[in-house]
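Residue numbers (our numbering): 308 to 615.
Comments concern the structure below.
The following block contains the structure:
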């Protein structure tokens with residue numbers, strides 16, 4: 308048995324904002340992927356994954372919802388027969404490792420599933436998002452459902468609000484100097500504690516005001532610029548966003564990267580922002596000149612995501 312491949316995702320814009328109903332833009336990232344596989348003699352990572360799937364089965368079996376039902380007997384049988392999730396997606400890196408797993412389980416075991424091939428109306432997308440939110444909450448405590456949705460559809464997703472999401476067309480890549488890249492912090496980030504810090508900060512009126520006014524405004528502007536291909540304006544808005552995040556989201560930025568973050572803003576060689584919830588994993592970078600950014604960040608591992 309070998310299931311279809313599901314890819315990692317990158318939330319280009321909207322981290323934390325989408326919890327509070329502002330805009331977001333997520334794209335599939337095909338460098339990393341995962342698939343369900345079976346093996347008779349489990350060992351190492353495969354064994355760990357299989358044990359985790361057994362716990363996940365118990366969670367899915369206990370879900371009380373009319374939104375989705377699963378072919379539980381098949382799932383149980385396959386787990387007992389050595390099924391595991393074979394994935395190259397790094398965990399705790401903000402690129403949707405649990406999202407790809409959730410998408411693959413839904414694809415194989417959901418009864419009456421919504422398929423990628425049918426006409427994906429807004430209502431169907433919302434149902435999928437709700438189902439995936441339920442399914443992924445096992446891993447994160449509270450999930451928006453966007454990571455699995457992105458992985459399942461393998462399409463860019465534009466989040467206008469919680470109730471309004473759509474598949475989006477993004478400009479095709481150019482052979483230019485500009486780029487979006489990933490910077491490896493070489494630390495694992497945990498989603499739940501970071502979201503807790505954010506929720507506590509939201510109790511502060513000044514922080515809430517900053518999110519609603521500055522953070523959301525620049526995030527929305529970045530998304531609009533990116534989708535329309537307004538590269539010049541995009542970099543101005545990303546720089547502003549990078550400053551806001553450095554000032555207000557310090558706990559989510561690994562300490563070793565505070566100065567690196569600041570250097571980008573000062574030199575304009577690159578601008579950094581959170582990738583996912585932060586606290587480790589990948590940091591997302593934007594640059595008008597990728598070669599220059601590579602030189603400036605030569606002590607770090609970079610990975611190319613998109614070219615302008």
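We put the CB at the ideal spot given by N, CA and C, even for glycine.
Under the three-state reduction of DSSP, residue 327 is assigned to helix.
If you draw a straight line from the Cα of residue 393 to the Cα of residue 325, it is about 29 Å long. Listed in chain order, the non-local C-beta contacts of residue 312 below 8 Å within the same chain comprise 340, 341 and 342, local neighbours out to five positions each way being set aside. Going by C-alpha positions, residue 476 is about 11 Å away from residue 332.
Buried is the label assigned to residue 411, since at least 16 other Cβ atoms lie within 10 Å of its Cβ. Here the alpha carbons of residue 569 and residue 457 stand approximately 31 Å from one another. Per the DSSP secondary-structure output, residue 501 pairs with nothing in a beta bridge.
Of the candidates 508, 584 and 598, 508 places its Cα closest to the Cα of residue 555.
Within the same chain, Cβ atoms closer than 8 Å to the Cβ of residue 357 are found at 349, 386, 389, 390 and 391, the five residues on either side in sequence being excluded. A residue is called buried once 16 or more other Cβ atoms fall within 10 Å of its Cβ, and residue 562, having fewer, is exposed. Buried is the label assigned to residue 322, since at least 16 other Cβ atoms lie within 10 Å of its Cβ.
Assignment of residue 372 by DSSP, reduced to helix, strand and coil, places it in the coil class.
Apart from sequence neighbours up to five positions away, the residues of its chain that approach residue 368 with a beta-carbon distance below 6 Å are 379, ordered along the chain. A residue is called buried once 16 or more other Cβ atoms fall within 10 Å of its Cβ, and residue 450 is buried on that count.
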